[in-house]
Every structure is written in C-alpha cells, then in structure tokens.
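Data block below; observations after.
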Amino acid sequence: MTTSPTMLPQARRRRRSPLPVLLGGAALLLLLGFIVFGNLSRSLEYFVTPTEYKAQSEQYVGRTIRLGGLVRGAKYDRQSLKLNFTVTDYGASYPVQYQGAVSDLFKENQGVVVRGAFTPAGVFVANELLVKHSEEYRVPTSQADIKSMLKDTK
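What follows is the structure, encoded as structure tokens:
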C-alpha cells in the first residue's frame, strides 16, 4: 500500500499596501524642499549698483549684498589697514568702510565689488573687497614694454 503525501494548499501571499512607502517618500520630499528653499532665501546675495540700491534700498535692509562701481576718494592707512572710499556709478554714490589688506590693483577710478551690508546711517561696511582688472593680456616683447607695464600698475 502506497501512501501519497497529502498536498497542502499553498499559502496566499499577503500583498503589502504601497501607501506607507508613498507617504514616507512624500514627507521626505517635503522636508527636503523646506530645508533647501527655506535656507536659499537667507543665503542669496544680490549684486547691485549704487543707483539700483538707491531705487530699492528697502528691499536690501539687513541683507548681505555685493555693491559694484568705481572707486573715488580712497584713503588707506597701512598701519591700521583701514580703508575708506566712495563707490559710485555716476548715478549715486555711497561711502564704504573696509578693514583689511588691499590689493595693489586697488586705485582711483578702478572697478570694485564690495561684499557687506549697509548701516542705518547709509555707510556700506564691507567684509570682502574684489578689485576688477583688465582682461587684456599681452606678453612684453622688450625691456621698454616691461617698464611701461610696471608704470601702468602704479
């Protein structure tokens, strides 16, 4: 007599609901979006000219900005490293105060970009100074060219 093993019915697989995974993913995306866009507005730095600042000064109150224009009336004390000058675009002008070393390229009528913020008195206190320079480069071909280039940088 042969006995055949009895076949048990196959258990049904329980199907998981995708809802918890979808809700978790959505919550993660919302949290990531909040972090990125919440901090983005605080870390943006606007580049403005003095005329643009004059027209929309209330928009930039208390914010770090980059102010660009030409240097006028520069006074630099090499002992204390204090620099005072006016930045202008010929439409408006603002006094700037900077504390720190200054590049040799910094001079009157030179383009400059300063990073900082305005005080309530209307003085721009800079914590970074970027001096623009000519993009033209030519290789000196003679001793006279070298002397001419050195004379132009002073």
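For the sequence shown, counting from 1, position 98 maps to 249 in the numbering used here; every step adds exactly one. In this text, a Cβ means the ideal position worked out from N, Cα and C, and glycines have one as well.
Check                                                                                                                         : Outcome
Residue closest to Gln-230, alpha-carbon to alpha-carbon, out of Ala-295, Val-253, Thr-237 and Phe-198                        : Val-253
Neighbourhood of Thr-237 by C-beta, 6 Å cutoff - its chain only, sequence neighbours within 5 removed                         : Arg-223, Gly-224, Ser-244 and Pro-246
Leu-234, buried or exposed, once every other Cβ within 10 Å from all chains shown has been counted against 16                 : buried
Through-space distance from Leu-181 to Asn-190, alpha-carbon basis                                                            : 14 Å
Residues bridged to Ile-216 (per DSSP)                                                                                        : Tyr-197 and Gly-267
Buried/exposed call for Arg-198, threshold 16 Cβ in 10 Å                                                                      : Note that residue 198 is Phe in the sequence shown here, rather than Arg. That one is exposed.
Residue-chain proximity (Asn-278, chain D), Cβ-Cβ < 8 Å                                                                       : Of the protein chains in the structure, only one exists, and it is not chain D.
Per DSSP, the bridge partner or partners of Ala-277                                                                           : Tyr-249 and Gly-267
Chain-order list of residues whose beta-carbon lies under 8 Å from that of Gly-213 (same chain, five-residue window excluded) : Ala-268
Residue nearest to Arg-266 in terms of C-alpha spacing, selected from Gln-210, Gln-294, Phe-257 and Gln-248                   : Gln-248
Cα-Cα separation, Pro-271 to Tyr-241                                                                                          : 22 Å
Cα-Cα separation, Leu-221 to Asp-255                                                                                          : 16 Å
Phe-185, DSSP secondary structure in three states                                                                             : helix
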